[in-house]
Amino acid sequence: MARCPVCKTQTQLIKYENVPIQSCGTCGGHWLTNAKLDAILNRREVVMPPVVQQKMMDIADAADSKQTLWCMTCGAEMVKEQFKYWPEILLDRCPKCNGLWLDQGELEKCQIYWEYAQDHPEQWEGREIVERQALLDAEWARRKAQLRERADRATDRARGFGRLGMLRGLFGL
335 MARCPVCKTQ
345 TQLIKYENVP
355 IQSCGTCGGH
365 WLTNAKLDAI
375 LNRREVVMPP
385 VVQQKMMDIA
395 DAADSKQTLW
405 CMTCGAEMVK
415 EQFKYWPEIL
425 LDRCPKCNGL
435 WLDQGELEKC
445 QIYWEYAQDH
455 PEQWEGREIV
465 ERQALLDAEW
475 ARRKAQLRER
485 ADRATDRARG
495 FGRLGMLRGL
505 FGL
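So in our numbering the end of the sequence shown lands on 507, straight run, no missing numbers.
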């Protein structure tokens with residue numbers, strides 16, 4: 335099992351809205367992928383009463399990590415990223431493997447905002463075009479980064495083969 339990027343304790347595999355994710359029992363944060371976050375957002379197995387919703391939003395605001403986090407999968411420095419339309423929700427995302435870290439209460443806060451938007455689509459009209467463009471821009475940036483990373487790996491492999499060949503020559507292997 336991997337270690338929590340916030341408190342460094344072992345994470346546990348749990349099911350949240352019947353979706354398997356990594357969770358930290360110490361700080362209450364969650365590790366998941368974009369696909370798993372989307373799967374959770376599109377399920378409504380648990381209905382939170384307004385009092386619980388407010389409590390979860392308060393917890394999320396208080397728990398938001400200010401420190402630099404390092405990806406528990408690949409070790410890269412994570413970056414803060416806005417959740418969909420809402421600049422007030424900042425998730426930690428790994429730019430290398432695209433894993434997501436959500437501090438305690440942030441997963442619930444994302445659900446609350448998303449479900450509200452789904453239940454009140456009239457309040458989100460006009461944002462669709464901007465959202466599409468933002469998604470396209472993000473996808474293009476992600477693909478460019480992947481291509482750059484592949485090129486860097488290929489260059490590193492080529493250099494490694496050069497060194498390996500040189501070592502083989504030195505040691506007669």
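Beta carbons are placed, not taken as given, at the ideal position from N, Cα and C, and that holds for glycine.
To which residues of the same chain is residue i closer than 7 angstroms at the C-beta, ignoring the five residues directly before and after it?
i	result
Val353	Lys370, Ala373, Ile374
Thr513	This structure gives no information on residue 513, because the portion of the chain shown stretches from 335 to 507.
Glu483	none
Do you know whose CA, among the options, lies nearest residue i's CA?
i	options	result
Trp404	Cys444, Trp365, Gly359, Ile348	Trp365
Tyr350	Cys431, Gln445, Leu424	Gln445
Leu381	Lys443, Arg337, Gly362	Checking the sequence shown, residue 381 turns out to be Val, not Leu. Here the closest residue by C-alpha is Lys443.
Asn376	Gln416, Gln356, Glu449	Glu449
Thr407	Leu347, Asp392, Cys338, Asp486	Cys338
Which residues in the same chain as residue i place their Cβ atom closer than 6 angstroms to its Cβ, once the five residues preceding and following it in sequence are excluded?
i	result
Cys428	Cys405, Ala410, Met412
Gly362	Gln438
Trp420	Tyr447
Any idea which residues DSSP pairs residue i with across the strands?
i	result
Thr345	Cys358
Arg366	Note on identity: in this sequence residue 366 is Leu, with Arg being the wrong assignment. In the DSSP output, where bridge partners are listed per residue, Leu366 has Leu434.
Arg482	BP columns for Arg482 are empty, so no partner.
Arg337	Gln344
Val353	Tyr350
Using C-beta distances below 8 angstroms, list every residue in its chain close to residue i, excluding the 5 sequence neighbours before and after it, in chain order.
i	result
Thr367	Asn432, Gly433, Leu434
Glu415	Leu424, Leu425, Asp426, Arg427
At 4 residues or longer, what runs of the alpha helix (DSSP H) sit wholly inside the stretch 404-453? 440-453
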